[in-house]
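Okay, structure first, notes after.
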Amino acid sequence: MVSTQKAGHKARRLSREIVSQTAPTPQRLMARNGEPMEGIRVVLAPLCGITDAVFRKACMDHGAELAVSEMISSEGLVRNSGHIQSLRHLDMSHGPLSLQIFGADPEVMGEAAAILSELEPRFVDINFGCPVRKIVKQNGGSAILKDLALLGKICRRVVERSRAPVSAKIRAGWDKPAVESVRDIARVIEDAGVSMITVHARTKAQAFDGKADWLLIKTVKETVSIPVVGNGDVSDGQSYLRMREMTGCDAVMIGRSAIGNPWVFGEIKAAIDGREYTPPNLRDRVTGLVCHVRSSVRNDGEPFGVIAARRVMAAYLKHVPNARDIRARMMTFTRLAEIEEVLEGFLTRIDPRTQQ
Numbered sequence: 069m070v071s072t073q074k075a076g077h078k079a080r081r082l083s084r085e086i087v088s089q090t091a092p093t094p095q096r097l098m099a100r101n102g103e104p105m106e107g108i109r110v111v112l113a114p115l116c117g118i119t120d121a122v123f124r125k126a127c128m129d130h131g132a133e134l135a136v137s138e139m140i141s142s143e144g145l146v147r148n149s150g151h152i153q154s155l156r157h158l159d160m161s162h163g164p165l166s167l168q169i170f171g172a173d174p175e176v177m178g179e180a181a182a183i184l185s186e187l188e189p190r191f192v193d194i195n196f197g198c199p200v201r202k203i204v205k206q207n208g209g210s211a212i213l214k215d216l217a218l219l220g221k222i223c224r225r226v227v228e229r230s231r232a233p234v235s236a237k238i239r240a241g242w243d244k245p246a247v248e249s250v251r252d253i254a255r256v257i258e259d260a261g262v263s264m265i266t267v268h269a270r271t272k273a274q275a276f277d278g279k280a281d282w283l284l285i286k287t288v289k290e291t292v293s294i295p296v297v298g299n300g301d302v303s304d305g306q307s308y309l310r311m312r313e314m315t316g317c318d319a320v321m322i323g324r325s326a327i328g329n330p331w332v333f334g335e336i337k338a339a340i341d342g343r344e345y346t347p348p349n350l351r352d353r354v355t356g357l358v359c360h361v362r363s364s365v366r367n368d369g370e371p372f373g374v375i376a377a378r379r380v381m382a383a384y385l386k387h388v389p390n391a392r393d394i395r396a397r398m399m400t401f402t403r404l405a406e407i408e409e410v411l412e413g414f415l416t417r418i419d420p421r422t423q424q
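Per the working numbering, the very first residue in the sequence shown carries number 69; after that it's consecutive.
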């Protein structure tokens, strides 16, 4: 027993060392007057394997007002079981950040929240929405929606241990959307002291398919008194405005629509302000892609930075005429110079009128 306790203390100490090299959130990015949602209307969603530090920075530069980290395993953090990929290159100065954790043990989730809240994030976010089989098999993510007692225990323990406000992300249900079910889930979360709820308006069974049911976001908004963020099927300024009008949600979360398209946040901000929006031209897209790969290489060197950027490279040139071969070739490159050369050649070969 003594040796087990010592191992546990050592793991927790090592876990704190993971975050000790990261400076807490700068004062200029802290919430004012104790209102963590103040000034936040559009949020970057967490997408595992996609929304790394480089991706988050690009989206924040283009207008995202809050970014949520990739999921962080509470067990991995507290037990220090291997490298915590989601924490690599974490920079709290990129903009208001929410650090998301997942797991099924209330005590471990609370300990993870205590560790991460030392960085003073805008929120410590609890993931009750991930539909991925590997996470669900561990009784994490959306699996917890089936056990409201456990869901409440996790929320209460995280709230007790976190120095930062706590938020939770849920799905519309497990296998089919139900108004009463989502109301019950929302009430349990609010009663536990959570400060904000994000609703992805699809069920676990839907994963990312089918149409998001925005009326369930409206149901949650009408059920609780805390802020509600809507998520699902918002891809531009007009769909953003429609979701806000239909649901009454306080902010909107953007996920897949931002992949290779950080400009979507600028488009949404223009719609909010009633301004005309000018979409990026081809040179803007190529420049954005090159900047993304350069940042990835600065973080991870070659070839790993280039390989990491492959997850989003092709998306920057999605729907660009005559770019199919270029997208395929980029997936084989391991050097930044190769990407820069082929993209500059692509720009010089095309008709200048296609750059408008």
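Even for Gly, the Cβ is constructed at its ideal location relative to N, Cα and C.
Contiguous beta strand (DSSP E) assignments of at least 3 residues, all confined to the stretch 258–307: 264–268, 296–299
Is it buried or exposed for S161, if we count other Cβ within 10 angstroms and need 16 for buried? exposed
Presumed contact (8 Å Cβ cut-off) between L134 and I108, rounded CB distance: 5 Å
Using three-state DSSP, classify D193 as helix, strand or coil. strand
What residue does the alpha helix (DSSP H) around K221 start on, and which one ends it? 216–229
Helix, strand or coil: which one does DSSP assign to K237? strand
With a 10 Å radius around its C-beta and 16 neighbouring C-beta atoms as the bar for buried, classify G144 as buried or exposed. buried
Residue of L218, G261, K286 minimising C-alpha distance to R251: K286
Element boundaries [alpha helix (DSSP H), containing S364]: 350–368
Reducing DSSP to helix, strand and coil, say where L134 ends up. strand
What does a CB cutoff of less than 6 Å around G334 pick up in its chain, not counting 5 residues either side in sequence? H130, G131
From the DSSP secondary-structure annotation, give me the bridge partner or partners of I140. I169
Leaving out the 5 sequence neighbours to the left and right, which residues in its chain are closer than 6 Å to G413 when beta-carbon positions are compared? none
Limits of the beta strand (DSSP E) - the one that M321 falls within: 319–322
Whole angstroms are fine: how far does the CA of L357 sit from the CA of E344? 24 Å
At the level of alpha carbons, what is the spacing between M22 and L115? Outside the shown range of the chain (69 to 424) lies residue 22, about which nothing can therefore be said.
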